[in-house]
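Keeping their order, the protein sequence lines are chains A and B.
Read left to right, the first sequence gives residues 1 to 518 (the numbering used here).
Read left to right, the second sequence gives residues 519 to 554 (the numbering used here).
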Amino acid sequence: MALNGEREQWGTKIGLILAVAGNAVGLGNFLRFPVQAAQNGGGAFMIPYFIFFLLLGIPLMWIEWGIGRHGGKFRHGSAPGMFDVLWKNKLAKYFGALGLFISITILIYYTYIESWTLGFSIFSILGLYSNETKETMTGFLSSYQGITTSQTFTSIWPAYLLMLLTFSINFAVLYKGISKGIEKLAKIAMPLLFIFAIILAIRIFTLGTPDPAFPENSVANGFAFIWNPDFSALGNPNIWLAAAGQIFFTLSVGMGTIHAYASYLKPNDDIVLSGLATASTNEFAEVVLGASIAIPVAVAFFGLDATKEIAQGGAFNLGFVSMPIIFGSSHFPMGEVFGFMWFLLLFFAGITSSVAMGQPVVAFLEDEFGMDRKKAVTALAIAVLIAVQFVIFFLKYGFLDEMDYWAGTFGLVVFALIETILFMWVFGADKAWKEMNQGGDIQIPMFFYYVMKYITPVILMVLMIWWFIQSAIPTLLLQNAVPENVPYIWGARILMAAIAVILMLMVKKAWENNHSEV
Amino acid sequence: MGLTTNGIIFLALAWTIIISLVVISFYKVFKTQQKK
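Written out as structure tokens, the structure reads:
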């Protein structure tokens, strides 16, 4: 049990919705989704996308809100305590430790990436890049990351200082607490994010054909690339799994963050409507705004074939190489200002997610070890600052990618599957249903009772097995690794194993101190 | 190339569904908040 007095609470319902939506809206909404849609059947991708939104996304959101608010009744703000009250078994809390492991591991590398967006917003307004080519902009990015050197960056220290600045902002927000820190940030950052995204989308709509010498390179063809349906793609199971994966990742489920936020609700506060509002806000950011910026403008400037290549190169290539080339082009008037908006909106999307990733460990230290918030945030900041050094200095050896695969991809699905089984099967579907609907401003349609109990866990199992066979085995066996990177990849694995062991030992210690073992 | 009729239908449908969800859910949030 928690050792201190009253737990914190959210100030307003809209603040809570914006904070949870901020957790969900991340870099993936603006960079991953349009690439996925364009590569997987265009408009036809939206058919499996919406089906999985109903069968996977919305149910998981409600399950996590439900587990979180239920755990909060017992003064638990993190998954170990929450799972312990759902399942009276001494192993439950150790399964919950996975929720701490995932959030802290992603926080370690995500905050570094977030600092790039802050850096690039400053470089945009200062006009540090203009009239770049693919080669020069790739060199600009890699020299900023300390992988190479260029005329602009001769060392990694600018990136390091911006990382420290980003870390300081993140931990200052966490230090201020739920209402005065996280909620206040969401109330400022989320409206600004939407304003910037709407301005950018309108600007891109009105770009038409930037270079009349290439009439095929137009915004209209960019929209066609994303939205013209290829119905034959629906026969390919990989398209369906890609849609399920996109829905899963975009809502930021499976990492213990929604649980932590929901634990600060009162037992009769609504979670049904709040969950629906946050999921809808995330979808608006992704499908309406995310699909209207990066890919359409890339087609308008580079043409369809080059954009397909860019999309194959991944989200970072699109965000940090192609977009700066466009904003630095003479065909994009006031590109410095629009580039500033683009990277700042990514920064806002990032920071509202990263503070959410810090909260489960802070809540764990507060609730299970009786630390005050300031001590808990300081402890987390020190741990993350030590671990991020490896990510920064070993970036080119695939250190970050390895952490992202196991914590940010595979781990999320495993955790989501565990929590769904614990809540809907071990705790009991009827009790879980009552718990989720308690105090609801609307009631969840009965259809979802069966979806949560049967369909959602089956989809999660299929996703897990698919990823395990398709990429976990080659990743585990380092089949595609560059030989030079192998020692560093093992280093990333040792770091992750150390984090997991330390968290398990802390859970054990906390229960020895405060709880009687079951 | 350009947007085909099917492309326009998919774009319009997706946007309508999502914007409707956002408007309805936030309308209900504000309405229930006012009642309380």
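All C-beta atoms in this analysis are idealised placements derived from N, C-alpha and C, irrespective of residue type, glycine included.
Check: Continuous alpha helix (DSSP H) assignments of at least 4 residues falling wholly in the segment 473-511 of chain A; Outcome: 473-476
Check: C-alpha distance - Asn542(A) paired with Ile188(A), whole-angstrom precision; Outcome: In this structure chain A extends from 1 to 518, so residue 542(A) is not present and cannot be described.
Check: Through-space distance from Ile535(B) to Lys453(A), alpha-carbon basis; Outcome: 26 Å
Check: Other residues of its chain near Ala481(A): CB distance less than 8 Å, five sequence neighbours each side excluded; Outcome: Gly398, Ile489
Check: Residue range of the unbroken alpha helix (DSSP H) whose run includes Trp406(A); Outcome: Here Trp406(A) belongs to no alpha helix (DSSP H), and DSSP marks it neither H nor E.
Check: Partner residues on chain A for Gln551(B), Cβ-Cβ distance less than 7 Å; Outcome: Lys13
Check: Proximal residues of chain A, C-beta to C-beta of Thr534(B) below 9 Å; Outcome: By Cβ distance, chain A contributes nothing, its closest Cβ being about 10 Å from Thr534(B), past 9 Å.
Check: Minimum Cβ-Cβ distance from Asn221(A) to chain B less than 9 Å; Outcome: yes
Check: Three-way DSSP call (helix, strand, coil) for Arg7(A) in this model; Outcome: coil
Check: Residue from Val25(A), Val507(A), Ala298(A) with nearest C-alpha to Pro191(A); Outcome: Val25(A)
Check: Amino acids of chain B, ordered along the chain, whose beta-carbon sits closer than 8 Å to that of Val442(A); Outcome: In the sequence on display, residue 442(A) carries Ile and not Val. What Ile442(A) touches in chain B: Lys546.
Check: Other residues of its chain near Met424(A): CB distance less than 6 Å, five sequence neighbours each side excluded; Outcome: Ala432, Met452, Lys453
Check: Residues in the segment 473-491 of chain A having any Cβ partner in chain B nearer than 8 Å; Outcome: none
Check: Cβ-Cβ distance between Met61(A) and Ala279(A) below 9 Å; Outcome: yes
Check: Nearest residue (CA-CA) to Leu365(A), options Tyr450(A), Trp511(A), Pro483(A), Ile351(A); Outcome: Trp511(A)
Check: For Ala197(A), the nearest candidate out of Ile58(A), Met403(A), Leu346(A), Phe320(A) (CA to CA); Outcome: Leu346(A)
Check: Validate contact between the segment 464-473 of chain A and the segment 50-59 of chain A using beta carbons, cut 8 Å, 3 pairs; Outcome: no
Check: Rounded C-alpha distance that separates Gly68(A) from Tyr175(A); Outcome: 21 Å
Check: Cβ-Cβ distance between Pro360(A) and Leu417(A) below 9 Å; Outcome: no
Check: Unbroken alpha helix (DSSP H) run spanning Glu132(A), endpoints; Outcome: Per DSSP, Glu132(A) belongs to no alpha helix (DSSP H) and is neither H nor E.
Check: Residues near Gly303(A) by beta carbon distance below 7 Å, same chain, minus five either side; Outcome: Phe214, Glu216, Asn217
Check: Chain-order list of residues whose beta-carbon lies under 8 Å from that of Phe448(A) (same chain, five-residue window excluded); Outcome: Ile58, Pro59, Trp62
Check: Under 7 Å by beta carbon: chain B residues contacting Met46(A); Outcome: Phe528, Ala532
Check: Distance cut-off 8 Å: Gly181(A) Cβ against heavy atoms of the ligand ZN; Outcome: With respect to small molecules bound, the structure shown includes none, and the ligand ZN cannot be examined in it.
Check: Three CB pairs or more closer than 8 Å across the segment 285-294 of chain A and the segment 256-263 of chain A; Outcome: no
Check: Spatial neighbours of Ser150(A) in its chain, beta-carbon cut-off 7 Å, leaving aside the 5 residues before and after; Outcome: Gly139, Phe140, Ser143
Check: Counted within 10 angstroms of its Cβ, other Cβ atoms place Leu463(A) as buried (16 or more) or exposed; Outcome: buried
Check: Per-residue DSSP class, three states only, for Asp230(A); Outcome: coil
Check: Residue ranges of each alpha helix (DSSP H) within the segment 340-425 of chain A, 4 or longer; Outcome: 373-393, 399-405, 411-421
Check: Where Tyr49(A) falls: helix, strand or coil (DSSP); Outcome: helix
Check: For Phe167(A) and Thr111(A), believed in contact at Cβ under 8 Å, the rounded distance; Outcome: 6 Å
Check: Any C-beta of chain B under 9 Å from that of Glu283(A); Outcome: yes
Check: Within chain B, the residues that Pro34(A) reaches when beta carbons sit closer than 7 Å; Outcome: Simply none; closest approach about 13 Å.
Check: Test item: CB-CB of Asn29(A) and Ala243(A) under 9 Å; Outcome: no
Check: Beta carbon proximity, Val518(A) to chain B, threshold 9 Å; Outcome: With a pLDDT of only 44 at Val518(A), under 50, the local geometry of the prediction cannot be trusted, and the value read off the model is given with reservation. Cβ-Cβ to chain B under 9 Å: no for Val518(A).
Check: Contacting positions in the segment 290-307 of chain A - beta carbon closer than 8 Å to chain B; Outcome: Leu304
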